[in-house]
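A short worksheet on the structure shown next.
There are 2 protein chains.
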Amino acid sequence: MDILSRMEEFILLSVWKLQEEAYGLEIRQYLSDLTGQELSVGAVYVPLKRLKKRGYLESWDSEPTEERGGRSKRFYKLTQKGIGALQQVKTVQENAWSNLPDIGFDWAPAKS
Amino acid sequence: MDILSRMEEFILLSVWKLQEEAYGLEIRQYLSDLTGQELSVGAVYVPLKRLKKRGYLESWDSEPTEERGGRSKRFYKLTQKGIGALQQVKTVQENAWSNLPDIGFDWAPAKS
DNA sequence: GTATTAGTTCTAAAATTTAAAATAAATGTT
DNA sequence: AACATTTATTTTAAATTTTAGAACTAATAC
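Dropping the structure here:
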């Protein structure tokens, strides 16, 4: 399906949400909080690269220095294409959840 | 992430939506309409089996006969676990889309 | 220089998705 | 009865995505 995977959607949304602070480890932390589940570093960095390569994100590296140790951060920002892909997934998502019948059907055959 | 993939979510929702008519090819058609994209048969049957094996769906086969040719259908129905997984994904999804700042940031460095 | 901290890259295994050919099981036709 | 047609599921292998975590980088602190 030519629709963002859930991981891709979540990463794009993290970038949106985090604004000036959208970089790898921060995104990882944000998503862990959101879903209540630990996330390996690879689980974030691998799709980030892919999303950039495909034009959903752009990036730039922070100036080497700041306050304390550690290497520089790679910040991300949504492109127009990225925003469009999010809009699309939102629409399809909403359609999928619309007009569902009441749950609690009873048409399955009785269990033997 | 221990959350339904998008394909899994969509298939479970199809089963919910289609009620008495929830079987492979019908689900495929429904999802093609929903997303506006053709879907191979494997793209539906493979995850259907997985979802059943994991307890999100139960199934039974239709009586061999009906009106016209063709082999019997395998119908699906959500289990409690399946409903729960959909509820979870809905909640996380809604959280992910809440409280997003206005889009149209301008903190990226100027293009060189 | 050596330790510490913060971050990214790499990479291989596992899991999922996808496409399409094969198979199955029913009815219709001659 | 044999063969064609229709509807549906199964199989399978390739492609893609996800995941974990070790390795590496680059800065500051001592």
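Chains as they are written, first to last, in this note's numbering: chain A, 1 to 112; chain B, 1001 to 1112. We put the CB at the ideal spot given by N, CA and C, even for glycine.
Shortest alpha-carbon distance to residue i belongs to which of the options?
{"i": "residue 1019(B)", "options": "1063(B), 1042(B), 1059(B), 1097(B)", "result": "1059(B)"}
{"i": "residue 49(A)", "options": "78(A), 32(A), 71(A)", "result": "78(A)"}
{"i": "residue 98(A)", "options": "1055(B), 1099(B), 1008(B), 1090(B)", "result": "1090(B)"}
{"i": "residue 9(A)", "options": "103(A), 84(A), 63(A)", "result": "84(A)"}
{"i": "residue 102(A)", "options": "1006(B), 1005(B), 1013(B), 1007(B)", "result": "1013(B)"}
{"i": "residue 82(A)", "options": "30(A), 56(A), 27(A)", "result": "56(A)"}
Identify the contact partners of residue i in chain B, using a Cβ-Cβ distance below 8 Å as the criterion.
{"i": "residue 85(A)", "result": "Within 8 Å Cβ-Cβ: nothing; residue 85(A) doesn't reach chain B, min ~13 Å."}
{"i": "residue 103(A)", "result": "1016, 1078, 1083"}
Along the chain, where does the beta strand (DSSP E) that runs through residue i open and close?
{"i": "residue 1076(B)", "result": "1074 to 1078"}
{"i": "residue 59(A)", "result": "57 to 61"}
Going along chain A, which residues have a C-beta under 8 Å from residue i?
{"i": "residue 1092(B)", "result": "34, 35"}
{"i": "residue 1005(B)", "result": "5, 6"}
Helix, strand or coil: how does DSSP classify residue i here?
{"i": "residue 1013(B)", "result": "helix"}
{"i": "residue 1100(B)", "result": "coil"}
{"i": "residue 40(A)", "result": "coil"}
{"i": "residue 1032(B)", "result": "helix"}
{"i": "residue 1008(B)", "result": "helix"}
{"i": "residue 1112(B)", "result": "For residue 1112(B), the pLDDT reaches just 43, beneath the cut-off of 50, and the residue's location in the model is therefore unreliable, leaving the point undetermined."}
{"i": "residue 1092(B)", "result": "helix"}
Whose Cβ in chain B lies nearer than 9 Å to the Cβ of residue i?
{"i": "residue 13(A)", "result": "1096, 1097, 1100"}
- Item | At least three beta-carbon pairs within less than 8 Å, the segment 1021 to 1041 of chain B to the segment 1074 to 1091 of chain B | yes
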